[in-house]
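Here UniProt numbering is used: the first residue of the sequence shown is 1, the next is one more, and so on.
Virtual Cβ for every residue (Gly too), placed ideally from N, Cα, C.
Since this is a predicted model, take the numbers as computed values, not measurements.
These notes concern the structure reproduced below.
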Amino acid sequence: MRISDFTLRNMRTFCAVADHRGFAGAQAVLGMSQSAVSTHIKDLEVTLGFALCRRGRGGFALTEKGEAVYAYARQMLSGIEDCEARLGTLGRVLAGHLRVGVVDSEADNPELPVHRAIRRFFLREQEVRLSLEVGTPEDLGKALQTGDIHVAIGPFPTRHPNIEYMPVYAEEHALFCGNHHPLFGLEQDISLEVLSQHPMTVRPYLQRAELAPLVNPRVIASVSNMEAQAILIRSGCFLGFLPVHFARKWLDTAEMRRIDLPGIGWHSQFFVALRAQPEPTEVAQLFARDAVLELAGGGN
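Laid out in structure tokens, this is it:
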């Protein structure tokens with residue numbers, strides 16, 4: 001089939017709906033009313049001749065053909081954006097779409113000033129559109145491989161051969177308990193044996209690093225991100241590791257206690273990462289270079 005500008009527009013809308021698992025999330029990103037989003041999807045379904053998604057009390061879900069269309073459309077739109085960026089670099093002004101991913105809960109980290117990297121990049125003369133996403137290291141790694149993002153910033157316990165990793169910063173992690181936890185007010189020394197008696201919460205993508213120094217840890221909870229980890233720790237029912245910068249606000253208000261034992265603390269290496277092949281656009285390469293300069297401390 002021939003793809004008209006009309007169909008291309010509707011495919012962009014469809015991808016946004018699929019990305020955000022429904023119409024409500026997509027309309028905010030697209031700046032459109034829900035009825036307009038719905039019209040675009042219906043028009044695309046008429047053009048293609050089949051349903052793309054189901055929505056109702058059971059929630060939003062793509063049909064089997066919808067999943068296939070999403071994969072094809074994503075590939076096509078990514079190719080168009082790449083072409084736009086490369087054509088833009090032939091002129092004097094940087095142009096194209098830059099998609100950046102950052103690991104969650106780093107906005108308040110003074111040691112990882114992502115905002116300065118963005119500022120350095122946008123001080124250039126440019127006509128670049130920016131999309132900034134937050135996710136887990138696993139999600140960011142997958143998005144890099146598929147081309148859904150161009151540059152990612154975070155710790156990546158799992159390395160991929162087609163991704164270039166540039167180290168920029170080591171984030172300190174420590175073990176914490178909440179102010180309702182039995183260990184919070186304990187004045188005597190806390191041993192590894194004592195820790196093993198208390199339930200722990202872990203992040204699966206960092207489980208090996210978190211549990212390595214402990215003896216027979218009682219892991220009975222897992223979380224997908226640091227906000228969830230902090231909630232469980234603050235409940236007083238769990239011990240858990242957090243980045244020191246992230247826990248500082250609760251330390252300052254005596255809602256958490258840091259449990260210091262030799263060998264318990266550890267550091268998580270952060271990287272600026274981008275896909276090696278196909279060759280990144282000039283826009284992606286320049287932003288990655290700016291990020292390394294700022295995040296490794298060389299941009300001061």
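Unbroken alpha helix (DSSP H) run spanning residue i, endpoints
i, result
"Ala228", "Met226 to Arg234"
"His115", "Val114 to Phe122"
"Ala291", "Glu282 to Leu295"
"Leu44", "Gln34 to Leu48"
"Val194", "Leu192 to Leu195"
Same chain only: Cβ atoms within 7 Å of residue i, ignoring 5 sequence neighbours per side
i, result
"Gly299", "Residue confidence is low: Gly299 scores 48 on pLDDT, short of 50, so the model does not pin down where it sits. Its coordinate-derived value is still stated next. Taken in chain order, the residues that qualify are Arg116, Arg120 and Leu293."
"Ala28", "none"
Other residues of its chain near residue i: CB distance less than 6 Å, five sequence neighbours each side excluded
i, result
"Gly236", "Gly178, His180 and His181"
Same chain only: Cβ atoms within 8 Å of residue i, ignoring 5 sequence neighbours per side
i, result
"Gln145", "His160, Asn162, Ile163 and Arg275"
"Thr13", "Ala26, Leu30, Met32, Val37, His40, Ile41 and Leu44"
"Glu111", "Tyr169, Glu171 and His245"
According to DSSP, residues forming a beta bridge with residue i
i, result
"Cys177", "Arg257"
"Arg269", "Here residue 269 is Gln; the residue named in the question, Arg, does not match the sequence. Answer is Ala170."
"His97", "Arg129"
Cβ-based burial, residue i [other Cβ within 10 Å; buried from 16]
i, result
"Thr281", "buried"
"Glu210", "buried"
"Ser268", "buried"
"Ile149", "buried"
N-terminal and C-terminal residue of the beta strand (DSSP E) that residue i is part of
i, result
"Val134", "Gln126 to Gly135"
"Arg218", "Arg218 to Ser222"
"Ile264", "Segment: none, Ile264 is in no beta strand (DSSP E) and carries neither H nor E."
"Phe6", "From DSSP, Phe6 is part of no beta strand (DSSP E) but of the alpha helix (DSSP H) over Asp5 to Asp19."
"Leu242", "Leu239 to Pro243"
"residue 302", "What the structure shows of the chain is the stretch from 1 to 300, and residue 302 is not part of that stretch, so it cannot be assessed."
"Gly154", "Val151 to Gly154"
Distance between residue j and residue i (C-alpha atoms, nearest Å)
i, j, result
"residue 355", "Arg54", "Only positions 1 to 300 of the chain appear in this structure, which leaves residue 355 out of reach."
"Gly49", "Glu125", "44 Å"
"Gly147", "Gly22", "22 Å"
"Val46", "Gly56", "20 Å"
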